[in-house]
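Residue numbers for the sequence shown follow UniProt numbering, so the first one is 1 and each next one is one higher.
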Amino acid sequence: MSQDRSYSFEFFPTKTDAGHEKLLATARTLASYNPEFFSCTYGAGGSTRDRTINTVLQLEKEVHVPAAPHLSCVGDSKADLRSLLTQYREAGIKRIVALRGDLPSGMGMASGELRYANDLVTFIREETGDHFHIEVAAYPEMHPQARNFEDDLKNFVRKANAGANSAITQYFFNADSYFHFVERVQKLGVEIPIVPGIMPITNYSKLARFSDACGAEIPRWVRKQLEAYGDDSASIQAFGEQVITEMCERLLHGGAPGLHFYTLNQAEPSLAVWNNLKLSAQTA
Numbered sequence: 001m002s003q004d005r006s007y008s009f010e011f012f013p014t015k016t017d018a019g020h021e022k023l024l025a026t027a028r029t030l031a032s033y034n035p036e037f038f039s040c041t042y043g044a045g046g047s048t049r050d051r052t053i054n055t056v057l058q059l060e061k062e063v064h065v066p067a068a069p070h071l072s073c074v075g076d077s078k079a080d081l082r083s084l085l086t087q088y089r090e091a092g093i094k095r096i097v098a099l100r101g102d103l104p105s106g107m108g109m110a111s112g113e114l115r116y117a118n119d120l121v122t123f124i125r126e127e128t129g130d131h132f133h134i135e136v137a138a139y140p141e142m143h144p145q146a147r148n149f150e151d152d153l154k155n156f157v158r159k160a161n162a163g164a165n166s167a168i169t170q171y172f173f174n175a176d177s178y179f180h181f182v183e184r185v186q187k188l189g190v191e192i193p194i195v196p197g198i199m200p201i202t203n204y205s206k207l208a209r210f211s212d213a214c215g216a217e218i219p220r221w222v223r224k225q226l227e228a229y230g231d232d233s234a235s236i237q238a239f240g241e242q243v244i245t246e247m248c249e250r251l252l253h254g255g256a257p258g259l260h261f262y263t264l265n266q267a268e269p270s271l272a273v274w275n276n277l278k279l280s281a282q283t284a
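Below, the structure is given as structure tokens:
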């Protein structure tokens, strides 16, 4: 595997002290594999702002892996965003994942001074120049709120042209959707790296609910097999590991510039795939 590829892991800020300690333990385990960065999510409308900040600073300073906080514009004023950018910059953070963000229940699209992710990317560049490496989101199977695929491609191009350095995709289970998306945006003149987002399969019911909400399609053959396993968690995990490993092999052999694992704050499912791919700590 190419040593130029980027491997990274994502966490979400927890609500309890016990959960936070588990997150840090997971991060320390994954840190030994020398990832390029750890990302940390940001709740709908900035609902986890303080927890995200605290988690990011601990990952950066205590776990010693570069941290990339998610930053969303929904629900935040420019002054709020400027304050966060200043805080991250002063803390030595060098990477931001810039998103529109999820809309909390009852919050309209007009909430916040910036409406779309490309506006946020432009704002970050205006405020901080080239200090931050800016990641944006990509949706190989289309954003669930997009009118159609063509509109979604144009939205992605706007984010790239606003100054994004690279992109991380929503997770998917069909490698062809990734390759098709990359081919289409390259034809539109976008050359930034687009790293596949990888969701290990460990719990079918939770995966199905999450996939319905975010618009990720579970292929029928995968869904039927997972349903057939019922409550047999060992078989679900073994099958899921095989499916994800084979997809990652195809992605990497097809030229994907790396992998970004959605860990759900667990090390083992992502590392099972990592080890199957025979990725070494020096690869990342």
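By construction, the Cβ of each residue, glycine as well, lies at the ideal position given by its N, Cα and C atoms.
- If you compare the alpha carbons of 228, 141, 266 with that of residue 184, the shortest gap goes to 141.
- The beta carbon of residue 276 lies closer than 6 Å to those of 245 in the same chain, with the five residues before and after it left out.
- Residue environment analysis places residue 148 among the exposed positions, since fewer than 16 neighbouring C-beta atoms fall within 10 angstroms of its C-beta.
- In this structure the segment 149-169 does not touch the segment 209-229; the number of beta carbon pairs closer than 8 Å is below three.
- Taking a contact to require three or more Cβ pairs closer than 8 Å, the segment 112-122 and the segment 176-194 do not qualify as touching.
- Under DSSP, residue 169 shares a beta bridge with 138.
- Spanning the alpha carbons of residue 172 and residue 127 requires a straight line of approximately 34 Å.
- Using a Cβ distance threshold of 8 Å, residue 25 and residue 65 do not count as a contacting pair.
- Non-local C-beta neighbours of residue 258 in its own chain, meaning closer than 6 Å and more than five positions away in sequence, comprise 5, 6, 7, 195, ordered along the chain.
- Assigned with DSSP and collapsed to three states, residue 164 falls in coil, not helix or strand.
- Excluding residues up to 5 positions away in sequence, 26, 29, 30 lie with their Cβ nearer than 6 Å to the Cβ of residue 267 in the same chain.
- The beta carbon of residue 175 lies closer than 6 Å to those of 247, 250, 251 in the same chain, with the five residues before and after it left out.
- Distance from the CA atom of residue 57 to the CA atom of residue 254, rounded to whole angstroms, is 35 Å.
- If you draw a 10 Å sphere on the C-beta of residue 34, you find fewer than 16 other C-beta atoms in it, and that means exposed.
- Under the three-state reduction of DSSP output, residue 190 falls in the coil class, being neither helix nor strand.
- For residue 53, DSSP records no beta bridge to any residue.
- Scanning 95, 197, 208 for the CA closest to the CA of residue 223 turns up 208.
- For residue 9, no alpha helix (DSSP H) run applies; the uninterrupted beta strand (DSSP E) run containing it begins and ends at 6-11, by DSSP.
- DSSP places residue 73 outside both helix and strand once states are collapsed to three, so it counts as coil.
- Straight through space, the alpha carbons of residue 273 and residue 42 are spaced by roughly 26 Å.
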